[in-house]
Ligand code: EPU
């Protein structure tokens, strides 16, 4: 039984009451999803819910499937570009899955909604390291695992022992590291909801680790526009190349439509100066892709996930 406190729905005014299960729902809202993303663009969902437990996630997924509605999972919205018209169906916001439990031998069990910066701080205070790859990533643990977030300092999957997921039929499964199929910015979790991740972290010298983390922070702050609203890197790196450098070499830094601009600091970031629309961002991306194709003969592929209403 899912209690009201466990399962907090926000329902867009436009949604049909008939698709909403009765007792556990309340209120009406037109919450803009853009406000829940780091880039800050995008319209509303028909239904937005915030489960606070694995049982709540199961309830949300099976309710959406039973209603025949599409559903999507929202972490910290740091790798997301949402269309101005928003999305149809249900958005399941995981940020209330926020527990961190410490076991023996560096085992850390983390809710999918925990911010990576919170996880970094909590593990560091326990003398645990190994999460250099997450420094400066504005993500939730679920998103970082799903995207196998990382870069020069390693990738999230390297520290994962297992992951707990909810499948579309509501089944809860524990997936071992080898079954996660971690690869460059990808994993096996396109169709399941990650609800918990188990990391195995090494004990480290606290001072040496602190110095290493600070150095990464300084290096990233010099090379990436971390103070601006963005969705991080917009394009995947083509094999052996840096998308950011290709954009830079094509002379596209500073290209701007409305309040969306190719960051003058790093060519793979599009920053929002305040009131950018998704349409502005799409125009910037289209221009960048066309120019990189023209200058370098390379087709850039989006890394960021795009959400739109079906049929648009
Ligand atoms: N470069 C330029 N101009 C630019 C951008 C980069 O000349 O506008 C050069 C850099 O000077 C460097 C090279 O290109 O010599 C590579 O750049 P960088 O080190 O920034 O790495 P990247 O390949 O562009 C990747 C990840 C980042 C991650 C960094 C650092 C992808 C798509 N990007 O970027 O991840 O922070 O390594 O580890 O894999 C993200 O996933 O959102 C993200 C930002």
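Residue numbers (the working numbering): 142 to 453.
From the three backbone atoms N, C-alpha and C, an ideal C-beta is built for every residue, glycine too.
Distance from the CA atom of residue 346 to the CA atom of residue 272, rounded to whole angstroms, is 14 Å. Distances from the alpha-carbon of residue 299 to those of 233, 339, 380 and 356 put 339 closest. DSSP, read as helix, strand or coil, puts residue 446 in strand.
Shortest Cα-Cα distance from residue 331 to any of 172, 217 and 309 involves 309. Residues of the same chain with a CB within less than 7 Å of the CB of residue 403, apart from the 5 flanking positions on each side, are 388, 393, 394, 395, 396, 411, 425 and 429 in chain order.
Look at residue 328: its beta carbon is at least 7 Å from all of the heavy atoms in the ligand EPU. Assigned with DSSP and collapsed to three states, residue 238 falls in coil, not helix or strand. Residue 429 sits in a helix when the DSSP states are folded into three classes. Looking at the backbone, the Cα of residue 405 and that of residue 431 are separated by about 19 Å.
For residue 362, the closest C-alpha among the options 276, 400 and 398 is that of 276. Look at residue 368: its beta carbon is at least 7 Å from all of the heavy atoms in the ligand EPU. The closest heavy atom of the ligand EPU lies 7 Å or more from the beta carbon of residue 258. By alpha-carbon distance to residue 414, the top candidate from 281, 354, 423 and 400 is 400.
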